[in-house]
Structure formats: structure tokens, C-alpha cells
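Residue numbers (our numbering): 1 to 317. Quick reminder that beta carbons are idealized off the backbone N, C-alpha and C, glycines included. First the structure, in the form of C-alpha cells, and then the observations on it.
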């Protein structure tokens, strides 16, 4: 969805201008090859298998790309609150085509869903209308990364070598839109990916983490998971975890820090450590020590998230 997406499929087809009297019309490439198109609402209603509830019970992977595209399109445009859909048994001949088609459809782009397709598990995930709490780590990272320069951890020459993005990454037959990422200039995939979610979706968070680390072909060095859990009385507790791969290629929990309850959290100097080698990945500047590390302040995430929780109708545990 982000115009500054990190990599695009070599088979990506760009859409023509859409008609205004229906959600979208047939989409073609410059060569005239049909991509996917959205039907009129009346026609679409008859093809939609399950929308609005996030419940994909009964979903059959046997349906074609066009029907899956119509189903997901309708689900996205019909959502009125934070919703997550998972479609299973989606063949890799279907998943990337559907994601690319959705990604290039203006009405879908305007809805700002987060889309991912995992070719290893054959799952297609759609996340619609994330809450302020879900996204609060973005403001946190946008505050922390510039501090790396202010504190002289990053040299003046390194200021422009890291980008922050939520754009699409593609590897093998999988495609993923992170909740936030740090991307070294000149590297296709992020060096650091951040994923956030509520307790009901922790299994998905770990599936995303595995896709980044194992599928990242050595480019993704670190994954941060921000986990929120709803408690009685509209209170929320939270933790942040950092993960990498050990020398044997197994996922390894490096650190876990409590965000809330505040009484169980660490000191004001509580940080998530990130090494220079993890930050710059394969683009580490010559002469720099990959083991030098910087601390991302958890207290700043706590402060930012408190406002997001309040806006969403919650309070910290």
C-alpha cells in the first residue's frame, strides 16, 4: 500500500484508472493481461463467503484468485472496526497475485489495510483499521531512531543510511507489510521488523516473526514484538520482546521488557538493545563495530502508549 514499498514483484501489473460508478473495473497491464477486478456490489454479495466478523470458518482454498480477491475486497471495505482475517490453504499461485491486485486498487489502498501472504504456511492475513494502541510503536520508533544521531551512536555520514517504512517486502512467494521496519539504504528487506498485536493474535505475531527471520534470507537481523493484553476493567498490560536467529538458525528470544503494569517494569533506564550490526544488516559501514549497541528506551514507549490507550478507551494495567 505504501508508495515507497521496498520491493515489487517482477510480475506486478499496474492498474488502469478506475470507473467512478463502481468500486473498480477490470484491471489490465500495459500488455493487456487481465489482473483481477472487482464486481459490482450486487454481484459481489453473491460471491462473498465470510466478511465482517473475521471468522473464516468454512473457507476453501479451492476457490480461484478472483473469488478470493472479491471476498477480501468486500471484507476490507465493509469493516467498521479493528478486524483481522486469516484465509488458510491459499496456494502460492493465488496468494501473491491477490495481494498485488489488492495493493494496486485505489479503493483498497485508501482503506490502508495491512496485507501479508506466507507461502510456507499458505495463509493470507488481512488487518483492517488498527487501533491507536496497535500503532503506537510507530511514534516511538520515529522518536528513538533520530535520537541515535543526537547521541552520536550514528555518525553524521550514517544519518541518511536508514529508512523507516511500513511498505511491502517480498521474498520467494511470500509478501509482508510490517507494522514498522528499519531498512538500510540499498538493502531489499528490512534489517529490523516490528510487529504489534493483541493477545488474541499472538500466534499470528509469532508466525510473522518466523516469516521475517527465517524467510528474510539473512537480511532481517532482528524482530521486535509488541504484545498487548486486555484485562478486566478496560485495563491493558503490555510487553515488548526482541528476537533473532541463533547460529543454528533457530529463533531465539533475546530480551523481554514489561511496558505495563508499570509497577512490574524496570527502571527509567529500561531499554531494548539493538546492535549496530543488527541495525545496518548487510549494509554495515566499513570500519564500524557490529557489536556496538544502542538502547531503545521502553519508558518512551510507555509514555506514548498511555495516550494511545486513553484514546482507545483503555487505561494502563
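Note the first and the last residue of the continuous alpha helix (DSSP H) segment covering residue i.
i	result
residue 205	202 to 215
residue 312	Taken as a continuous stretch (DSSP letters only), residue 312 belongs to no alpha helix (DSSP H), as it is neither H nor E.
residue 78	65 to 78
residue 105	Taken as a continuous stretch (DSSP letters only), residue 105 belongs to no alpha helix (DSSP H), as it is neither H nor E.
residue 145	132 to 150
residue 318	No statement about residue 318 is possible, as the shown extent of the chain runs from 1 to 317 and does not include it.
What is the rounded straight-line gap between the Cα of residue i and the Cα of residue j?
i	j	result
residue 102	residue 73	7 Å
residue 128	residue 165	18 Å
residue 287	residue 182	21 Å
residue 158	residue 233	46 Å
residue 309	residue 134	9 Å
residue 259	residue 143	17 Å
residue 301	residue 180	14 Å
residue 203	residue 303	27 Å
residue 174	residue 205	16 Å
residue 263	residue 249	36 Å
residue 124	residue 311	30 Å
residue 230	residue 316	10 Å
residue 200	residue 91	25 Å
residue 313	residue 130	14 Å
residue 296	residue 83	30 Å
Could you check if residue i is buried or exposed, using at least 16 other CB atoms within 10 Å of its CB as the buried criterion?
i	result
residue 218	exposed
residue 339	It is not possible to answer for residue 339, since the shown part of the chain is limited to 1 through 317.
residue 106	exposed
residue 152	exposed
residue 294	buried
residue 177	buried
residue 186	exposed
Sorted by chain position, which residues of the same chain lie with C-beta nearer than 8 Å to residue i's C-beta, five sequence neighbours on each side aside?
i	result
residue 255	241, 242, 272, 273
residue 228	133, 134, 196, 197, 198, 199, 236, 237, 238
residue 306	316
By the DSSP assignment, the beta strand (DSSP E) with residue i in it spans what residues?
i	result
residue 297	293 to 297
Sorted by chain position, which residues of the same chain lie with C-beta nearer than 6 Å to residue i's C-beta, five sequence neighbours on each side aside?
i	result
residue 221	191, 278, 281
residue 195	179, 205, 208, 225
residue 268	299
Within a Cβ cutoff of 7 Å, which residues of the same chain sit near residue i, ignoring the five residues on either side of it in sequence?
i	result
residue 270	257, 298, 299
* Take every Cβ of the region 95 to 112, pair it with every Cβ of the region 135 to 151, and state whether three or more of those distances are shorter than 8 Å. => no
* Asked: How about the region 103 to 112 and the region 149 to 164: do they share at least three Cβ pairs that are nearer than 8 Å?
  -> no
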